[in-house]
Structures are given as structure tokens and as C-alpha cells.
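Residue numbers (my numbering), protein chains in the order written: chain H, 484 to 865; chain E, 14 to 313; chain Z, 972 to 1396; chain S, 56 to 320. Ideal placement from N, C-alpha and C gives every residue a C-beta, glycine not left out. Just so we're clear, the structure is a prediction, and the values are computed from it rather than from any experiment. Here is the structure we will look at, set down as C-alpha cells.
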Amino acid sequence: MVGDMGKNVFRMVITAFCAALMWGVASGSGQAIEPIRLGVAGAHSGDLASYGLPTVKAAELVVKEVNAAGGILGRQVEILAEDDVCKPEIATNTATRLISLKVDLVLGHICSGATKAALGIYKDAGLLVMSPSATNPELTQSGDYPNFYRTIAADDAQARLEVDFALDVLKVKKIAVLHDKGDYGKGLAEYARKFIEASDGQAQVVLYEGVTPGAVDYSAVVQKIKRAGAEAVIFGGYHPEASKIVMQMRKKRLPTLFISDDGVKDDTFIKVAGEYADGVYASGPRDVSRNPLAAAATEAHKKAYGSEPGAFFLNAYAATQALLNAVAKAGSTDSAALARALKSEFVETPLGRISFDARGDAIGVGFSMYQVKNGVYVEVRQ
Amino acid sequence: MDYFLELFLGGLTRGSIYALIALGYTMVYGIIGLINFAHGEIYMLGAFTGLIVASLLTVFGLNQYAILVLASLVAMVYAAAYGYTVEKIAYRPLRQASRLSPLISAIGMSIFLQNYVRLAQTSDFLPFPALIPDLAFMEPYAHIIGSAELVILLVTAMVMLLLTAVIRFTRIGRAMRATAQDKGMAMLVGVDVNRVISITFMIGSALAALGGVLIASHIGQINFAIGFIAGIKAFTAAVLGGIGSIPGAVLGGFVLGCTESFATGYVSSDYEDVFAFGLLVLILVFRPAGILGRAAAEKV
Amino acid sequence: MTDAGKESGGMTTARAVRRSLLVSLWFMFLTLPILVIRVNPVAQEIVWRWRNLFLIGVGSFVLSLVGQFLTHRQTRRTPSLTPGRLAIFRQRCMREPQIYVPFLLCAVLTTLLFPWFFSTYQTNIMTTALMYVVLGLGLNIVVGLAGLLDLGYVAFYAVGAYSYALLNHHFGLGFWAALPIGAGLAALFGILLGFPVLRLRGDYLAIVTLGFGEIIRLILENWNEFSFGPSGIANIPRPGFFGLDLSLAGATVYLYYLMIGLVLFTIFVVNRLQNSRIGRAWIALREDELACQAMGIDKTRTKLTAFALGATWAGMVGVIFAAKTTFINPPSFTFLESAMILAIVVLGGMGSIAGVVIAALVLILLPEYLRAFAEYRMLLFGAVLVIMMIFRPQGLISSARRAYKFMPVPVAAGRNKRHGTAADH
Amino acid sequence: MGPLLTIDRLCMDFGGLRALDHLNLSVAAGEIVALIGPNGAGKTTFFNCLTGLCAPTAGEIHLVVPGRGQRLRLNGLPPNRVTEKGLARTFQNIRLFADMTVLENVMIGRHCRTKAGVFGAVFRSAAARIEEQQIVTASAAILERLGLGSYFNDLARNLPYGAQRRLEIARALATEPVLLLLDEPAAGMNPQETAELDELILKIRSELGIAILLIEHDMRLVMSLSDRIVVMDHGEKIAEGTPAEIRSNPLVITAYLGEDLAQTA
């Protein structure tokens, strides 16, 4: 019995292994260039899938439309989606896999860390990459990644906006800068601190601290904010931690203003923090609800998938349009020609009329401040 | 001084959260000497079950107290059922195996349960209704200690007393002590060891679920991964206090909570966890059996 | 479920069905809230998914029936002491050169020619798998041989990776210079960890090493001035080939051969170690710490050697990891990574080199080839750990001790000639 | 020539419990001394104190190795250092390295007499190779001497009970002791095995010149083997003398031996 079963299992494993190898070989050796292959990389499974999957859907919707209209340069567009679970070490595998599959363009990655790890590989392969969500400033500012573009504003721009808002509009003098120790949150907080310190005494950072994500409470940090006498908190991070801090601040009768970022401008934040959310400021992408293209894209998503689109959907939609437009204008998928087209041509997207600057950041994409009023985020008009 | 007191109270409430989860940990360890890595996941499952029940009951329009009690009860029943099943599937067949095997099995179970909830529910954070009502008489003190925090503190104290009483004075408690000391001997004198272990798991899991519901309604949100950190912290608390000891778990929770609170208050919350784990290493090096634990001498 | 087979002979089909029915009902009850009801408090909606309940019911019923059937068959057969057919087959493979030589030759050829037949992607993931082979073999020294349960092994991996990244960033040190430095620093950290935990045993050791691993990661995350914090270090150069800058494909192939070399070197070293004076001391320590001391083995030194040597491999692979991904940040070094490496050691069979190699290849390659099931990857990983522990706790390949060969020595006096039972092999 | 091992007023407390109470004892080179007494008299604790597994509360332990002359103080030393000095022991409940082979178990005993390190092991330097060869030969010789020659490559756990007991002795001998401590070596043995053990212990003394201190409950073995017997009760020494003296000591008879002695006598 044991022997028998073992043997069968053994045979099965061997067969499966062979099949996998064959499949690898078959998929590795493609044939002549027919369609334009668009690689879509990001977290498609795991805890962060909700940040990555909307991008795939956005790409699918744009490509469907383009293909229905006859494709680009007479060629159909094909999507190859690959998962990187937002981990740098997996992202390098994802990148080499996409290269093995002979993609012409890459939409992705989603997380800054994974993007950094993958970019070097794309650079060697001469591929152009556009991310809808990687906000780390270095990606465009360091000059190390000339092949990188993005349709989202960098963290420093967001931090700039938050600090300016706190100093010029709210006129606060003492600010506590907090972050969640993560890549995104801490990066943002670092910039915020730098900008405040450079404000010539207009305001000062009275507390700079990272909170432990997932901790059961933040009462000690809240006490510290109170003791430091901060008039406002600038928090870099995501909504789970933000809501906990805000709730504890308010429960402890601390009226300190709370200013945060795109990671907090999420309806879940308001649902969790409830009445305590009122008055919280958060920066987020400019309100595009009056842009007919944005409405159309959202409508198309609802029609195709039966739900509201998720995070970075419109950024990804715009990125796909920008990439395909560049191919059409450049007349090829050569990366030098594409780069020229991206920088010179404007394209109408749900985010507005965009083009790209020399570093690869989108021109015309930016942030504005929002405030929670009666349970909804409302754009603050200055 | 005020600042110190506030940090201390904050540490106490945080500690009581750790303690509530640590009680189940320490019970299981006391009986079969297994680090039940899946305990944190049972806590998370309890919280999810509580959320589901509470959401259903809200639809029926029950009042808040009824929802809190019912959601806790159902969550506890389910957690007990999960605890029983986990023990039977993943640990019981390994009772005779080397110490490593059940530990690995527990890690596997923990990963499995996390992903089970992630796939069946969602990977996003879900808001958890504030089931613990704001008590009117607490209103003047709300800036010092909230109602939910007070309730958690009281429940932890009650559970600790109750457990100590059960273990000391009841039949099943005696059987538990016997099993903890020597499984073989307990079996010889007529204790149904399997049943005792199952019951221990069920009680421990039910406590974890109670903690899950209360803590989630205090924090206001849950997701599938909350069990991991809670589990690690609770286990640290249990080891600090002397694993296997019921009062030790509570004491360990308080010590850990206060350490973290003071570390944040006087140093920086950047290194909060470094202090927590550093304390663990220090205590274990100088008092390997924990604060209230008894050193078990090996028989030569 | 497990006691079904004990009532051998008397088990009727009806009873098995009734039992399975109970099992399936139990699981339907168990999964009712989580699998069936999905609440969305944000949108205030409740979704009922009754189909899942049905699937669970049918699934657990069938599984339980099959399980009972198998245990029943197993208990009915008289237990025999002769090894199973598979074991005999395996023994034959090991012993007879005409079987294992061609097989070995095949394996060697495939490994050597791999990059020429497969794409860069395939080579790349194979390199990743080889890295885990070395990590597994390194942890195997600590856990498998010396029996010290280390749940913070990833800390040393991080030390290696950061040594290269930082040395390169600040001093422009190259890969080959960083490799021994990374390994040495990791060994130093191994000793550093070793000292406080010397007195701890079993579970306490496990939790303290876990804490140590977390502390290292937290420091990397928080100490921006030193480690650049969570945003990590980018643009770490790939290893150069005698000053040549390689293309991506070239570098991948180069790294692949580098890893093959390192794997062979590791196997060579571990194999020699485990049958040496030091290796025997480790195993004795694992078997019985007290007796081991009483036999004159210095516990402190033996444990520290194990920690240091285990850490050395992690440090080396860490350097290679940094060179391979060209970017590192703290989230790559979480507890889950330690758990993964530990799973490789345990699944492979503690102390068994071949087992660890196979387990690493399976655990790392399978998820890559099963990307379609990515969502279920971790679920399966957890389940496999549990199932393996229950049905094959000794791992895929259980370790065998070395047999020493002797000329038959005539027994000195006649008085002890009474054993004919000992089967020599 | 003075005694090999001298124990002076050794005390051991566990919490409030006094397990050893001012115990004096000495063993001469080549002597076989038996330690007897009822269960719980403190005999194993005494062994543990001697071998460094417990640290005695008070008292002195000194060892004089013949030929080296130095008087070595043993208390406070860790177990491995004690073994290096020349004391080796066996355990009451057999503590072999169950998953190692018989030969390897004995090779472990050679550990403290050899010194090859990691580099020697990996690069197989000439010195390390020679040393390893010597370990194997020496260990094999010990096994042959103890009649375990046919078990070399068997796992220790698979050995019959009596052979496991002998293997423990072999392992202890491999450390080249001057004094061998045997903790109930005959426990669980049948009369034939006990008789063989008797012969073996005498042979160890006569051929290797090793002194032996043993704890034993089998009075027949104790009486036939020992040069001297020490009787313990409640952590104290209550009597000491040759087998004949002990046999006739009324104190011993009432305190402990009673019927046992009547049977043997």
C-alpha cells in the first residue's frame, strides 16, 4: 500500500514537473512579433492584491477599447499580467519573466520597493515602464531610472502640499510628524519634517516618531503628542493606523488637528473612525469627478466587473492610455522613440490632459487637500 | 508625574489586552507544553465571527447590550469549536512526536487559518462596530481611561480569577493539573487525558475569541492578519510571566504593556518593539522560567 | 477520524458513511460564518454564499470516506517489518552503480546546461531556488544537526544582505570583497545571539530567536541614518566577472553558476562537518544535552559554533541576494521568511542533505510554476506543513548515519559470542 | 600513595531540603567502592555533584591524578571540564544518543581527548585525518573489549537493553577516566547479564587500572565486587567498611538492608 501509493505520487510528481518544464519552454520561446505585448506587473495576490488588481482591470478596459477600434499601428494589444506580491525579490522574477515573454511595454509595478528592484532589469532590457502608484521620489529624481514614468505625483509633492497647507492655511506653529515606519509613510514624513524645518521658523517639529503598525493601541503616542503641545499632527501612512490614532486622540479630548495623506483618504477610514473622523484633513489626487473621461472609465468598470473600481484605477487607466498613445505617435515600440513621444505629446485621460516631464513625472497630475465633513471627504477650496 | 501616571494607565490597558489573549496561550502550554502558534489566529477568527454575528443582529435591530453579549457568545462557541478541531487535526496525532513537529504543525495551522479567512472574507481592513457602550458614569474620566478600556481590564481580571478558581477547585481543574504534571500517571489514575486536553483548548480558544470581540470593538477594525502580532505579543507576555502560570500571564501582560508604554513615552515608539523583545531576552537570560514560573529541573 | 481503523473487521460501510456524514456536518457548522456570510460594513451589505457550504459539505464527506477507507485498509493488513517496496527501490538505487551513475550523470548535465536550454526567467528562479537550498543547508546545521530551534534565521540573511549593500554604498566595495565580510559579520551576529540563549532550551530558545530576528528587522527599519530605513537601498551592483560588466542575461547565468558552485561547496562542507568530531558533538547535543556534557563536550562552544556556522551561510546568501535583486529593504526579512526556511529543513528531513535540497527546490519552484493558483499559495503552504508533520514527521528523506567499514575483527575472548541477531548493513 | 578522589563535607540543598549532609568519602586508585542506600538517600545527587551537573552548596571535591600529581579542585567546574579531568559516568536511566550509531556514541567519548576543529573537518588536514582515524580505532577497540563488536553501525536505540547498559560504560571509558562512576549499572538486568557485568567491571579495573565508584541495589553484585561499601541514608553517610563489615553492621541492617542481606548471606 505505502509503496504503491508512494510510487504513484512519485509518478505524478514527475509528470507534473515535466509538464511544468514543457510549459516553461513553450512559453519561453514565442514566435514572430504579432501583437503589441503590454506587461502588467504588480501585487495580484496576497494582502496587497487590492492595490494591484484594479490596475489590471484598467489595462483590460483600455486595451479592449483600443483593440475594438482596430488596435494600434494595425497590431492588436495583448496583456500579460504577472504577480509580484509587492516583494522586491519576487519582482525581479516577475520582471525577467515579462522579458522572457517578450513584452514591449510595462505597466507597473505597484509598490515602490518592488518597482526599484525590477527597474534595473527593465533598464538592461531596454524596456519602458510606467507605474500608476509608485510614489517614491527617488524613482524619478535620482536619475538612475531613465526608463521610468508614472501617472501619480511623488511623495515629496504630497508632503509639500500638506506642509504648505498646515503652515499657510491652518497657520499652526507646532507640528508633530508621525509615520507608520513603512516605505511610503516614513518617506512622506521625512519630507514633511524637512519642509517644516526649512520654513524659517514659521513652524517647528515638536515630535517626530514612528508608530508600530498593527499595535493594539497608541495611547502612549497620543500622550506624547499632548505633552509636546502640538497643534497639528502630520501623519504619513495608511488608514488603519490613522483611524486608531485619531480615535484615541479624540477620546482623550485632544483637539489637535490631524493632517494625513492619500493612504488615509479612503472611505474605510471614515467608516472606522466614525464621528471622530470629522475635521480630519487628507491629501489626495485632484478631484476628477467632473472629468467626463473619468466618469466614463468608472462606468465602464462597473459595467464590466459589476463593482466600483479600486485603488489607483484612474491612474492606471491614464497610464495605459499614455503608453498606447505613445506607441501610436512614435510608430514603433522602440523605447527611445517612445520616450520622445511621451514627453512631447499630450493625451486626454481621466486625470486630465497629461504629458511627462524630463524626469518621467506626469505633468498635470497633482494633489489637493480634502477634509472630512459629515462623513465624506470634501475638497478644500482655498 | 501626571505624564507618568497616564503612561502607566495606558500601559495597563494595553497590558490587559495582551493578558486576555495570553491566558489561553498559557493554559495550553501549561498542559501540553506546546507553543500554539495558531492561538493568535483563533483570536482573529473570534473577532471575525463576532463581526459577522453583530452585523446580522444589527439588521434585526437588537439593542447594543444584547448584540455585545450574543456576538461574544457565538464567537466563543465557534472559537471553541475551531480550537477543538485544530487540536484534533494538527496536534493530537503528534503527541508522541519530537518537540519540533507540533511546533511546525502549529506554524502551518496559523498560516492556513490566516489565509482561510483572507480568501473567504477579504484582505482589507473592516470597520468593527463599537459594541462596548460608553458608560455614562465614566464620562468625567474619559480622558484618562475609556469605557472600553475599563471593560477589558475588568474582564481580564475576572477571567483570571475564574480560571484560577476552576483550576484549583473543580474536578476538571484537578484533571488539568494532573495532566500537566504527568500525562502517563494521569491516565493511570483514570483521567481521560484526551478529553482534558480538548477542554483546555476549547476554554483557551473561547477566551481568545472573547478577547477578539472586545479588543476589536475597542480598536474599531479588524483584518485577517491581526492575529499574528497579537499572538506574538501575548506569547511574549505569557513567557515573561512564567508560561503555564495563570496569574503570570496577566502579570506578564501588564509588564509588557507598561514597558512598551514607557519606552514610547520616554524614549521613542520607533523602538517600542525592540524594548519589548529586549525585555523578553533579558528576563529569560536571568530568570529562564519567567517572573512567576518555577524552574523545572531535569531529572537525571 | 483516526480511531476509525481500530475497530478493524467490524467496520461496515454504513458506519463509515454515518461517520463521514458527521464529519461533514461538523465542518459545515465550522465554516458557516466565515465561508458563507460575507459582511461589508462599509457598504452595509451582507452576502450569503450557500454554495460554499455545499462544497465544504460534499468535500469533507468524500475526504473523510477516503481517509477512513485508507486507514481501514492499512490496519487490516498485518504489519510487516520488511521495508516497503519504495524503500527497497531506493536502497537499490543507492547501491547499484548501473542505476545511480546514469541518473547522476543526467542530473549533472541538466544542471550544467540549464541556462542554455531555458530562458533567463527560468534561470533566474532556479537561482532563487538554489539560494534557498543553501539557506536550508545552513539552517540545517543549527536545527537539524544541533537541534537548536532557530526562528530568527532570517536576521543573519539580512545581516549579509545589508553588509554588501552598505559597504558598497559607502566604500564602493565589490561583490567578491563583500562576500567573506558578509559571511563573517553574520557569523559574528550568530555568536552574539548565541551567548544570551545558551541557557535556554527548546521553546524558549525558539521565542527568543524569533524576537532577535524581529529586533534586527526593526533596527533596519527605524535607524534611517544607518540603513536608509524602509525605503531600502537601491542600485546594488550585480557581481562583476573579472571586471567585465555583464548584460542582464549574462549576469543571470553567471549568478546561476555562482549559486551552483556555492551549493556544491555547501554540500561538501556540511557533509564533511556532519561526520566529523564537531558534527558528532552537535548531534549528541541534539540527542541529549546533559549526557553530552557529561561526556566531556563543551556545550557553550559547540552551540556557538553551530550558531556561527549556520549564520555564515545565511550571510553569504544574503550578499548574493542583495546582488541579485539589486535592491533591498527590511520587509524582505520577516518572520515568514524564517518560517519558509525552517519549513524547507523540516520537510526535507532534519539533518538530511538530500532532503533539504529537494524540499527547497519543491517549495520555491512549485509556487513559481503554479502562479495561476497564487491566491491559494499560502493556504496550501500552511496545509502542507500540517499534513507533512502528521504523515511524515521525519521529512521527505530521513537522515541516515554514516556506517563505518571494518575488517572483521576476531572477538577477543570466547565469552561474548552470543549475538547473531544484529543485522549488519 | 594518597587517595585518588577526596570528598570533604559535601552538602547539597534543594530549597529547604538537604539532599547531602556533610558527606566525606574517598576512593583510592584502582579501588572499587559501592554506594548503597535506600531510594532517595541522595546517591544520584551525590554523583551529580561530583560530575558538575549540580553545584554543591558546600564542601570540597579534590582529584589527584596518579602520575600527574597535582591536586585538582573539582567543585564549581562545568561537567565537561570534570570529564576532562578524569571522571566519567553512566546514568541510572540510560542516556545514550539514541539516533547515533553505537560506534559514534563511543566516538563522542573521545571528543574531549581530541581537538580537530571546523577547519580540520572541512579541509581534512593531515592532522585531522590521523586524529579521526585514531578516534575510530580507539573507539572500535573499546567496543570489542566490551563485547559490542557486532553492533558497530547499529543505531543505539535498536540495541538490546543489556547491550545499551554496556554501551554507556564503553562511552564513558572512551573519555579515558581515572575514576568511573556507574549509576545502577545492573538495573533491569537478568542474573546472567549481571554476572557478565560483574566480570566486566573487574576486567576494567584489572586491565585498565581504573577505579570505580558505583551505585547499586543488587546486593549480590555489590558484595562480590566491592573493596569497600559506603551506606547512605537521608543524605548522610551512616556506615562504611568492607562487605563483611557492612554485612554485620547492625545499624545498616536495621536502617536499610534487613531482608536483602538475610537472603544474600
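Are the beta-carbon atoms of residue i and residue j separated by less than 8 Å?
i: Ile1112(Z); j: Gly1281(Z); result: yes
i: Ile116(S); j: Leu108(S); result: no
i: Lys599(H); j: Gly1203(Z); result: yes
i: Pro93(S); j: Asp288(S); result: yes
i: Gln854(H); j: Val863(H); result: yes
i: Ala83(S); j: Ala266(S); result: yes
i: Tyr42(E); j: Ile48(E); result: yes
i: Ala227(S); j: Arg144(S); result: yes
i: Ile1254(Z); j: Leu1351(Z); result: no
i: Val287(E); j: Ile1190(Z); result: yes
i: Met173(E); j: Ile259(E); result: yes
i: Leu222(S); j: Leu132(S); result: no
i: Asp1269(Z); j: Asn135(S); result: yes
Enumerate in chain order the residues of its own chain whose CB-to-CB distance from residue i is below 6 Å, with the five nearest sequence positions on each side excluded.
i: Arg1188(Z); result: Pro1301 and Phe1304
i: Lys812(H); result: Ala824 and Glu828
i: Val120(S); result: Gly141 and Val233
Just the Cα atoms here: how many angstroms apart are residue i and residue j?
i: Leu1052(Z); j: Ala1371(Z); result: Residue placement at Leu1052(Z) is poorly supported in this model, since its pLDDT is 48, which falls under 50; the coordinates still yield a value, given next. Whole-angstrom Cα-Cα distance: 18 Å.
i: Leu590(H); j: Thr579(H); result: 14 Å
i: Cys271(E); j: Leu20(E); result: 8 Å
i: Ala564(H); j: Gly522(H); result: 6 Å
i: Leu234(S); j: Leu1229(Z); result: 53 Å
i: Leu86(E); j: Arg836(H); result: 56 Å
i: Phe1354(Z); j: Gly1366(Z); result: A quick correction: the sequence has Ala, not Phe, at residue 1354(Z). Distance between the alpha carbons of Ala1354(Z) and Gly1366(Z): 15 Å.
i: Tyr759(H); j: Val646(H); result: 23 Å
i: Arg1209(Z); j: Glu572(H); result: 14 Å
i: Ser1031(Z); j: Phe998(Z); result: 7 Å
i: Ile228(E); j: Gly159(E); result: 13 Å
i: Phe214(E); j: Phe1183(Z); result: 29 Å
i: Leu1256(Z); j: Ala532(H); result: 45 Å
i: His1141(Z); j: Tyr16(E); result: 42 Å
i: Leu611(H); j: Ala1314(Z); result: 38 Å
i: Asn1023(Z); j: Ile212(E); result: 29 Å
So, for residue i: in the same chain, excluding its five sequence neighbours on each side, which residues have a beta-carbon less than 8 Å away from its beta-carbon?
i: Glu186(S); result: Thr169, Lys170, Ala171 and Gly175
i: Leu1084(Z); result: none
i: Pro1167(Z); result: Val1179
Identify, in the order they occur along the chain, each residue of the same chain with its Cβ nearer than 7 Å to the Cβ of residue i, setting aside the five sequence neighbours on each side.
i: Asn1206(Z); result: Thr1297
i: Lys669(H); result: His662, Gly693 and Gly719
i: Val560(H); result: Pro518, Ile519, Leu521, Val546, Val549, Asn550, Gly554 and Leu807
Can we count residue i as close to the ligand FMN, meaning its CB is less than 7 Å from some heavy atom?
i: Thr983(Z); result: This structure lacks the ligand FMN; in fact it carries no ligand of any kind.
Can you tell me which residues form a DSSP beta bridge with residue i?
i: Val560(H); result: Ile519(H)
i: Gln854(H); result: Tyr764(H) and Val861(H)
i: Met67(S); result: Leu75(S)
i: His117(S); result: Thr61(S) and Arg128(S)
Is it the case that the stretch 782-798 of chain H contacts the stretch 535-549 of chain H, given that we only count it when at least three CB pairs across the two stretches are under 8 Å?
By the Cβ rule, the stretch 535-549 of chain H counts as touching the stretch 782-798 of chain H, because three or more pairs are nearer than 8 Å.
Assess, as a yes-or-no matter, whether the stretch 63-77 of chain E is touched by the stretch 137-156 of chain E under the definition of 3 or more beta carbon pairs within less than 8 Å.
yes
Any chance the stretch 1135-1147 of chain Z sits against the stretch 1320-1340 of chain Z, with 3 or more Cβ pairs inside 8 Å?
The answer is no - the stretch 1320-1340 of chain Z does not touch the stretch 1135-1147 of chain Z, with fewer than three Cβ pairs under 8 Å.
Count Cβ pairs between the stretch 75-91 of chain S and the stretch 280-296 of chain S that sit closer than 8 Å; are there 3 or more?
Contact holds: three or more Cβ-Cβ distances are below 8 Å.
Does the count of Cβ pairs from the stretch 744-758 of chain H and the stretch 709-726 of chain H closer than 8 Å reach three?
Touching, per the Cβ criterion.
Just checking, does the stretch 68-85 of chain E make contact with the stretch 21-32 of chain E on the three C-beta pairs under 8 Å criterion?
No, they do not touch.
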